[in-house]
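First comes the structure, then the notes that go with it.
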Amino acid sequence: MTKRDYYEVLGVSRSATSDEVKKAYRQMALKYHPDRNPGDKEAEARFKEAAEAYEVLHDQNKKHIYDQYGHEGLHGTGFQGFSNFDDIFSSFSDIFGDVFGFSSGRRSSRRRPSRGADLRYDAFITLEEASHGTELELEIPKTEPCDSCGGTGAEPGSSPEVCSMCGGKGQVYRTQGFFTISTTCSHCRGIGQVIPKPCKTCRGSASVTRKKKLKVKIPPGVDTGATMRLTGEGELGEFGGPPGDLYVFIEIKPHDTFIRQGDDLYIEVTVSFVQAVLGTTLSVNTLDGEVEVDIKAGTQPGEIYTIKDKGIKHLRANGHGSLNVGVKVEIPKKLSKEQEDLLRKYAELSQDGVKNPPRGKKKLFNRF
Numbered sequence: 018m019t020k021r022d023y024y025e026v027l028g029v030s031r032s033a034t035s036d037e038v039k040k041a042y043r044q045m046a047l048k049y050h051p052d053r054n055p056g057d058k059e060a061e062a063r064f065k066e067a068a069e070a071y072e073v074l075h076d077q078n079k080k081h082i083y084d085q086y087g088h089e090g091l092h093g094t095g096f097q098g099f100s101n102f103d104d105i106f107s108s109f110s111d112i113f114g115d116v117f118g119f120s121s122g123r124r125s126s127r128r129r130p131s132r133g134a135d136l137r138y139d140a141f142i143t144l145e146e147a148s149h150g151t152e153l154e155l156e157i158p159k160t161e162p163c164d165s166c167g168g169t170g171a172e173p174g175s176s177p178e179v180c181s182m183c184g185g186k187g188q189v190y191r192t193q194g195f196f197t198i199s200t201t202c203s204h205c206r207g208i209g210q211v212i213p214k215p216c217k218t219c220r221g222s223a224s225v226t227r228k229k230k231l232k233v234k235i236p237p238g239v240d241t242g243a244t245m246r247l248t249g250e251g252e253l254g255e256f257g258g259p260p261g262d263l264y265v266f267i268e269i270k271p272h273d274t275f276i277r278q279g280d281d282l283y284i285e286v287t288v289s290f291v292q293a294v295l296g297t298t299l300s301v302n303t304l305d306g307e308v309e310v311d312i313k314a315g316t317q318p319g320e321i322y323t324i325k326d327k328g329i330k331h332l333r334a335n336g337h338g339s340l341n342v343g344v345k346v347e348i349p350k351k352l353s354k355e356q357e358d359l360l361r362k363y364a365e366l367s368q369d370g371v372k373n374p375p376r377g378k379k380k381l382f383n384r385f
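Numbering (our numbering), first residue to last: 18 to 385.
Encoded structure:
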C-alpha cells in the first residue's frame, strides 16, 4: 500500500514549525490512542501512522531527507517505522507520560533502550575537490561511555540501586475512572535506578563528551546538497540502545574562475575586437590544466565555445561534463594615431559613418 504524505497525515503544512508538528501529533495520538479505541483496527492503524509521521517530521535530519526524496529517501537512514505499540510508547515516553499519562497493563513502564540521536556535519569543499574527490578529516564532539565507571554512572566500587519510589518501574501510577494514568517517576526520572555515589568523572551521567576524528572519502562529482551517512557515528544510545548516525552535508565553495551548473563548467575569456574579427587561438584554464581554444573569425560578443569532457566528473556514470567558454569582446578606449588612421580607412572602405576627429587634429582624408 502506498504511504500517505506525512504532512497530510498530521494535517500540517510543509512550513510547519516543530511545535506545530508536535501539537498536531498530540491531537492525533489522543484521538486514536488504543486505550480510547479498544479493538478498533482502523484507529490502531491511524495511531501508528501518526507516530511514524511524527518520528520523521520532528527529526530535522529525517525531515530534510524526506522533503528532498520522499519516502524512498528514508530507506537509507535505517528508519523502518514502528512494528508495535511498545515501540511507539518507548520512543515517545515523554509525550505519553507528561502529556497524556496513558498506560496499559500490556506494556512495561520501565524505560527501554532507545537509539541515539543523529548528528549533522556541514562540510565545505572546493570545486577542485568536488571534481577529483577528496578525503576529509572531521572532528566531531561525541558522547561516549565514561571510562572511569564503565558507563554505569556510579563511582568505582559502588553500583546503582533500585529506585525506592517506583520499585524500579520508572513510573508511578494512579487510577482515574476508565484510565490508569502513569507519570514518570520524579525520583529516578524514569530510569528505575538511582545512583547513591555518582562517578566523579562523569558526575553520574555515565557518559562524557569527547572529540572524535573521522576520515570521510568524498567521491568525485559530488555537488552542494549531497549527503553522506556514517552509520553508528551519531550520539550514544540510552539504556544500551544503538548509537545514531552521522550525516555529512556537502557544500561547494564559490570559485574565482568557474561557475558550475550540474556537471558543466562555465568560464569567460576576453578577446580584442581585432581577435574577434580575424580569429585567434587562446589558452584557457580547466580544472586539469590548460587547453587551447580556436576562436573563429567573426566571433560575436557572448558567443560560447563548448569543450567536451572538460567539466566535472559524473557522480554515477563514466565521463565528464563540458567546459563552456563565453567570449567577451573588449573595445579599446584609446588608440594610437596609426591605429586610428587605419580604422578610419576601414570605415571609409566599408562605408560606415563615423565621427570626425576632434578639431585641431590633422584630418587624414582632407586631401580628398
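The beta-carbon is built from N, C-alpha and C at its ideal position, and this holds for glycine as well.
These numbers come from a predicted model, not from an experiment.
At the level of alpha carbons, what is the spacing between residue 10 and residue 159? A question about residue 10 goes unanswered here, because the residues of the chain that appear run from 18 up to 385.
Pick out whichever of 177, 370, 313 has its Cα sitting closest to the Cα of residue 292. That would be 313, whose Cα lies nearest to the Cα of residue 292.
Can you give me the C-alpha to C-alpha distance between residue 53 and residue 42, rounded to a whole angstrom? So the two alpha carbons sit approximately 16 Å from each other.
Using the three-state DSSP reduction, which class does residue 78 fall into: helix, strand or coil? Helix at residue 78.
Pull the bridge partners of residue 287 from the DSSP assignment, please. For residue 287, the beta-bridge partners assigned by DSSP are 345.
Measure the alpha-carbon distance for residue 303 versus residue 295 and round it to whole angstroms. Those two C-alpha atoms are separated by around 25 Å.
For residue 369, I'd like the list of residues in its chain whose CB is within less than 7 Å of its CB, leaving aside the five on either flank, ordered along the chain. The same chain holds no residue with a CB closer than 7 Å to that of residue 369 once the five nearest residues on each side in sequence are set aside.
Report the three-state DSSP secondary structure of residue 360 (helix, strand or coil). The answer is helix: DSSP assigns residue 360 an H, G or I state.
Three or more C-beta pairs closer than 8 Å, one from the segment 131-146 and one from the segment 250-269: is that the case here? Counting C-beta pairs with one atom in each stretch, the segment 131-146 and the segment 250-269 have three or more that are closer than 8 Å, which means they touch.
For residue 64, which three-state DSSP category applies? Here residue 64 carries a helix assignment [DSSP, helix/strand/coil].
Could you tell me the alpha carbon to alpha carbon distance between residue 26 and residue 228, rounded to whole angstroms? One Cα belongs to residue 26, the other to residue 228, and the distance between them is close to 39 Å.
Who are the Cβ neighbours of residue 163 in its own chain at under 7 Å, not counting the five residues just before and after it? Closer than 7 Å at Cβ, skipping near neighbours: 216, 218, 219, 223, 224, 225.
So, do the segment 228-240 and the segment 139-154 have three or more beta carbon pairs nearer to each other than 8 Å? Verdict: yes, contact present.
Which residues in the same chain have their Cβ closer than 6 Å to the Cβ of residue 263, if we skip the five residues on either side of it in sequence? Take residue 263, set aside five residues on each side of it, and the residues of its chain with a beta-carbon closer than 6 Å to its own are 136, 247, 250, 251, in chain order.
Look up residue 45 in the DSSP assignment and say whether it is helix, strand or coil. Here residue 45 sits in helix by DSSP.
Assign residue 149 to one of three DSSP states: helix, strand, or coil. DSSP places residue 149 in helix when its eight states are reduced to three.
Just checking, does the segment 276-284 make contact with the segment 336-345 on the three C-beta pairs under 8 Å criterion? Taking a cut-off of 8 Å for Cβ pairs, the segment 276-284 and the segment 336-345 touch, as three or more such pairs fall below it.
Taking the alpha-carbon of residue 259 as reference, which of 277, 161, 305 has the nearest alpha-carbon? Among 277, 161, 305, the Cα nearest to that of residue 259 belongs to 161.
For the alpha helix (DSSP H) that residue 25 lies in, which residues bound it at each end? Where residue 25 is concerned, the enclosing alpha helix (DSSP H) stretches over 23-27.
Can you list, in chain order, the stretches of the alpha helix (DSSP H) that have 4 or more residues and sit fully within the segment 251-309? Counting whole runs of 4 or more residues, the segment 251-309 contains the alpha helix (DSSP H) stretches 290-295.
Compare the beta carbon distance of residue 310 and residue 346 with 8 Å and say whether it is the shorter of the two. Contact: no.
From the DSSP output, in three-state form, read off residue 224 for me. Correct three-state label for residue 224: strand.
Taking the beta strand (DSSP E) that residue 164 falls in, what are its first and last residues? Neither: residue 164 is in no beta strand (DSSP E) and is coded neither H nor E.
Endpoints, beta strand (DSSP E) assigned at residue 326: Note, residue 326: premise wrong, no beta strand (DSSP E); not H, not E.
Here's a check: name, in chain order, each residue in its chain whose Cβ is nearer than 6 Å to the Cβ of residue 371, leaving out the five neighbours to either side. Answer for residue 371: 364, listed in chain order.
According to DSSP, simplified to helix, strand and coil, what is residue 50? Annotated three-state conformation of residue 50 is coil, per DSSP.
When you compare only the Cα positions, how much space is there between residue 265 and residue 78? Inter-residue distance for residue 265 and residue 78 is about 10 Å (C-alpha atoms, whole angstroms).
Note down, in chain order, each residue of its chain lying with its Cβ closer than 8 Å to the Cβ of residue 210, except the 5 sequence neighbours on either side. If we look at residue 210 and ignore the five residues flanking it on each side, its Cβ neighbours are 177, 178, 179, 180, 185.
Per DSSP, residue 189 forms a beta bridge with which residues? Partner(s): 200.
Close beta carbons around residue 272, own chain, < 6 Å, minus the five adjacent residues each side: Sequence-distant Cβ neighbours of residue 272 in its own chain, meaning closer than 6 Å and more than five residues away, are 144.
Can you give me the C-alpha to C-alpha distance between residue 22 and residue 83, rounded to a whole angstrom? Between residue 22 and residue 83, the C-alpha separation is close to 10 Å.
Rounded C-alpha distance that separates residue 275 from residue 301: Distance between the alpha carbons of residue 275 and residue 301 is about 11 Å.
Helix, strand or coil at residue 88 [DSSP, three-state]: For residue 88, the three-state secondary structure derived from DSSP is helix.
Just tell me which of 33, 182, 326, 91 has its CA closest to the CA of residue 280. Nearest C-alpha to residue 280: 326.
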